[in-house]
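Engineer: In the UniProt record's numbering, the protein residues as written are 1 to 336. Just so it is clear, CB atoms sit at the ideal spot from N, CA and C, and this is done for glycine as well. Bear in mind the structure is a predicted one, so any value in this text is a computation, not a measurement. Before anything else, here's the structure in question.
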């Protein structure tokens, strides 16, 4: 990089970028700071001119997904591809640099009567991420539909014990006892599927640091990280369960979908409401709260990223506490 005074009295700034030579002509000799600013502005203009401003949203979305494949989890990439496929052709074929706020608002309105609010949030989040990547100065401010307050079913302790007893007494289902037990200790299905006997220490501590997920081709793989950075954790196991794992020689080997099928069979046989292994995480959070464990401990053992999600899961338990507390308070007034 250098500055050369020309016979005309002007100055020429010479510099290289990516093995290409460039020059800028100016009237007066710039200071070092002015020189750096001129080069920066020049390069930004080159970058802008090299962008395909007629490229469709679909083209840029596919490029975005490709650049994130080695950074994000396989399940997240699968979700992105599913979201892109679900977006209407009229939107994905629109040039990305022609998309405005009203374009996205129109897209959201078209989905309101077709899919659930959570799906709209996910698709809008994907659209927003792509736009932010290639048009960082364009900020969306879309009004999204109100999220549904789902009544998440949380099995009772009596129901969970009945399921355990049924599965343990059935020779066909007995091998599913350990993964289902771990579900009731707050583990995700993906975390259970990735565990091996080597993850269990001599002092009965289980290390959770990976996950079994499906990629975009629906092939199962073990990714070397969990759902969130907070999901990496160590949890103590009851000695009875740890001994059973060592005696069996493995934690779980088989299809993760089969765990749900086993639970379903047990619930049908026992006449219980249907719930999957993820609802056992709800049971864990609710039971731990009822036992008086601090939120920080529940958060750590369950591997939740924030207490907002966790508290929503044990919302039923909180409501029961409020009811009991109210009755106790009313009784206090009666005694006055």
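On the premise that residue 262 lies in contact with residue 181, defined as a C-beta separation below 8 Å, what is that separation, rounded to the nearest angstrom?
Structural biologist: Going by Cβ atoms, the distance from residue 181 to residue 262 rounds to 12 Å, so no, they are not a contact pair.
Engineer: Residue 123 by DSSP, collapsed to three states: which one?
Structural biologist: helix
Engineer: How big is the Cα-Cα spacing for residue 186 and residue 215?
Structural biologist: In a straight line, the C-alpha of residue 186 is about 24 Å away from that of residue 215.
Engineer: Is it true that the stretch 117–129 meets the stretch 139–149, where meeting means three or more beta-carbon pairs spaced less than 8 Å apart?
Structural biologist: yes
Engineer: Cα separation between residue 140 and residue 99?
Structural biologist: 11 Å
Engineer: Would the stretch 264–273 and the stretch 228–246 be scored as touching if the rule is three or more Cβ pairs under 8 Å?
Structural biologist: In short, these stretches do not touch, since the Cβ pair count stays below three.
Engineer: Beta carbon of residue 61, beta carbon of residue 130: below 8 Å?
Structural biologist: yes
Engineer: Looking only at C-alpha atoms, which of 235, 189, 203 sits nearest to residue 213?
Structural biologist: 189
Engineer: Classify residue 303: buried if its beta carbon has 16 or more other beta carbons within 10 angstroms, exposed otherwise.
Structural biologist: buried
Engineer: Using CA atoms only, rank isn't needed, just tell me which of 307, 210, 9 is closest to residue 28.
Structural biologist: 9
Engineer: For residue 269, I'd like the list of residues in its chain whose CB is within less than 8 Å of its CB, leaving aside the five on either flank, ordered along the chain.
Structural biologist: 166
Engineer: Across the stretch 62–78 and the stretch 32–42, are there enough close Cβ pairs to call them in contact, namely three or more that are closer than 8 Å?
Structural biologist: Cβ pair count under 8 Å is below three, so no.
Engineer: Who are the near neighbours of residue 81 in its chain, counting only those whose CB is closer than 8 Å to its CB and skipping five residues on each side?
Structural biologist: Taken in chain order, the residues that qualify are 65, 216.
Engineer: May I have the straight-line CA-CA distance separating residue 255 from residue 21, to the nearest angstrom?
Structural biologist: Those two C-alpha atoms are separated by around 58 Å.
Engineer: Just reading off the beta strand (DSSP E) that residue 30 is part of, what are its end residues?
Structural biologist: Counting along the chain, residue 30 sits inside no beta strand (DSSP E), nor does DSSP assign it H or E at all.
Engineer: How many angstroms separate the CA atom of residue 13 from the CA atom of residue 7?
Structural biologist: 14 Å
Engineer: Given this structure, state the Cα-to-Cα distance separating residue 199 from residue 246, to the nearest angstrom.
Structural biologist: Distance between the alpha carbons of residue 199 and residue 246 is about 11 Å.
Engineer: Apply the 10 Å Cβ neighbour rule to residue 191 and answer buried if 16 or more other Cβ atoms are within range, or exposed otherwise.
Structural biologist: If you draw a 10 Å sphere on the C-beta of residue 191, you find 16 or more other C-beta atoms in it, and that means buried.
Engineer: Decide if residue 71 is buried, meaning its Cβ has at least 16 other Cβ atoms within 10 Å, or exposed.
Structural biologist: Burial check for residue 71: the Cβ neighbour count within 10 Å stays below 16, so the residue is exposed.
Engineer: Between which residues of its own chain and residue 207 is the CB-CB distance below 6 Å, once the five residues before and five after are set aside?
Structural biologist: Here the set comprises 199, 234.
Engineer: Between the beta-carbon of residue 307 and the beta-carbon of residue 301, is there less than 8 Å?
Structural biologist: no
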